[in-house]
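Heads up: the sequence shown begins at 1485 in this note's numbering, then just goes up one per residue.
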Amino acid sequence: MALHDALIQFEEQEGDFVIDAPAAWAQGRTLYGGMSAALAHEAAIRSIDDLPPLRSAQLLFVGPAEGRLTFTATVLRQGRSATLVAVDAHGEKGQVLRASMVFGGARDSVITFADLPMPEAPKPDDCQGLFGDASVRAPGFTGNFIMLNAGGGRPFSGDEDALKLWTRFRDAPGGNVTSALLAMADVPPPAAMTRFPQFAPISSMSWQIDIIDHPDNMDGWHLMRSRAEGAGEGYSPQEMQLWDEEGRCLAAGRQSIAIFI
């Protein structure tokens, strides 16, 4: 199911927005985190008029997002250039997501630079599938993307290298470009999985993402890098970046992952 088709099902109901969690975007028994973030963004921009572009978002994955989901957006503060919005999502068994989002208008500034260069990587035509022999273990939502190993580690390989992959939507996402960016930005498996000697479950607990550059669209190939900064006592922090094919860094983020191995 294309992202645009899924978002068409996101309907207003008494001031909230509701959807039946689309099975094609599942990650185990929950909704894929990138889709949850895209839905939270859609709830905000559909509920609140004239929001400027999204600059930053922090998400807590509270519980499994399954079944009928209801998203509620609330303005926390509206200033001259920035608006802070909270989005809470509830399922049939309680809260599943809390998102804090910062929307900010552009300002003139003498400070402008970019210091996240795209790492070297083979061209997509020279790359193979990310999961290799472990593709049977790939979660359902990955069917909406093409994911290629761009010279980094592979999940479940016992490899210490960071994840590096080319990815693109299998079908053009359409709709709001920032929602599509959020849907893509969570696509890599947890970086610590490259060190797993075998399959084991994981759970994303939190995600912060900063939007660095707003593209015109999310078509085509994008390079992603995800590096685990350590692991201990069943938890692993990681850093993540997303570049377009021209080398512009579109987003950078962090996640906290629970690992069960």
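Where a beta carbon is used, it is the ideal one built from N, C-alpha and C, also for glycine. Keep in mind the model is a prediction, meaning the values are calculated, not measured.
Residue i burial status per 10 Å Cβ neighbour count (16 or more: buried)
i       : result
Ala1490 : buried
Phe1640 : buried
Tyr1516 : buried
Asn1633 : buried
Arg1652 : buried
Val1594 : exposed
Asp1749 : Since the first residue shown for the chain is 1485 and the last is 1745, residue 1749 is missing from the structure and cannot be characterised.
Ala1507 : exposed
Asp1728 : buried
Phe1680 : buried
Asp1700 : exposed
Phe1597 : exposed
Leu1487 : buried
Asp1533 : exposed
Three-way DSSP call (helix, strand, coil) for residue i in this model
i       : result
His1483 : This structure cannot settle anything about residue 1483, because the visible part of the chain is limited to 1485 through 1745.
Ala1667 : helix
His1488 : helix
Ile1693 : strand
Asp1609 : helix
Leu1600 : coil
Glu1644 : coil
Ala1522 : helix
Val1661 : helix
Ala1510 : strand
Ala1676 : helix
Ala1735 : strand
Asn1633 : strand
Arg1711 : strand
Ile1529 : helix
Phe1501 : strand
Phe1625 : helix
Gly1517 : helix
Gly1716 : strand
Residue i beta carbon near the ligand SAH (any heavy atom closer than 8 angstroms)
i       : result
Arg1552 : Ligands are entirely absent from the displayed structure, and the ligand SAH is therefore not among its contents.
Cβ neighbours of residue i in the same chain (closer than 6 angstroms, five flanking residues each side left out)
i       : result
Ile1529 : Leu1535
Ser1520 : Ala1549 and Leu1581
Ser1663 : Ala1522, His1525 and Glu1526
Asp1697 : Arg1732 and Leu1734
Phe1587 : Leu1535, Pro1536, Leu1538 and Thr1567
Gly1636 : Asp1645, Ala1646, Leu1647 and Lys1648
Leu1665 : Met1702
Ser1690 : Leu1544 and Ser1740
Ser1720 : Ala1676, Ala1712, Ile1741 and Ile1743
For residue i, the nearest candidate out of the options (CA to CA)
i       : options                               : result
Gly1547 : Ile1532, Glu1729, Thr1567 and Asp1572 : Asp1572
Cys1733 : Arg1513, Asp1599, Tyr1516 and Met1631 : Asp1599
His1706 : Pro1623, Phe1629 and Ala1549          : Phe1629
Asp1703 : Gly1659, Ala1736 and His1525          : Gly1659
Ala1510 : Phe1625, Ile1595, Gln1579 and Pro1537 : Phe1625
Asp1500 : Ala1508, Thr1558 and Leu1487          : Thr1558
Asp1504 : Phe1597, Gly1563 and Leu1553          : Leu1553
Ala1583 : Asp1609, Phe1555 and Ser1565          : Phe1555
Gly1616 : Lys1607, Ala1605, Met1602 and Met1631 : Met1631
Ser1740 : Ala1507, Pro1506, Leu1544 and Met1485 : Leu1544
Arg1591 : Ser1565, Gly1613, Leu1665 and Asp1728 : Ser1565
Met1708 : His1574, Met1668 and Gly1551          : Met1668
Gly1589 : Glu1604, Gly1575, Gln1579 and Gln1562 : Gln1562
Ser1687 : Thr1514, Ser1531, Asp1533 and Gly1578 : Thr1514
Glu1498 : Gln1579, Ile1492 and Ser1531          : Ser1531
Cutoff 7 angstroms; reference residue i; Cβ partners in own chain excluding five residues on either side
i       : result
Gln1682 : Phe1640
Pro1685 : Phe1744
Cys1611 : Leu1632, Asn1633, Ala1634 and Trp1650
Gly1518 : Leu1666, Ala1667, Met1668, Ala1669, Asp1670 and Val1671
Close beta carbons around residue i, own chain, < 8 angstroms, minus the five adjacent residues each side
i       : result
Ala1736 : Leu1600, Ile1693, Asp1694, Ile1696, Glu1723, Met1724, Gln1725 and Leu1726
Ser1540 : Met1585, Val1586, Gln1692, Ile1693, Asp1694 and Ile1695
Pro1623 : Ala1510, Gln1511, Gly1512 and Tyr1516
Val1661 : His1698, Pro1699, Asp1700, Asn1701 and Met1702
Gly1627 : Ala1508 and Arg1654
Glu1495 : Phe1501, Val1502 and Ile1503
Gly1613 : Ser1619, Met1631, Leu1632 and Asn1633
Glu1717 : none
Inter-stretch contact at 8 angstroms, needing at least 3 Cβ pairs: the segment 1704 to 1719 / the segment 1668 to 1677: yes
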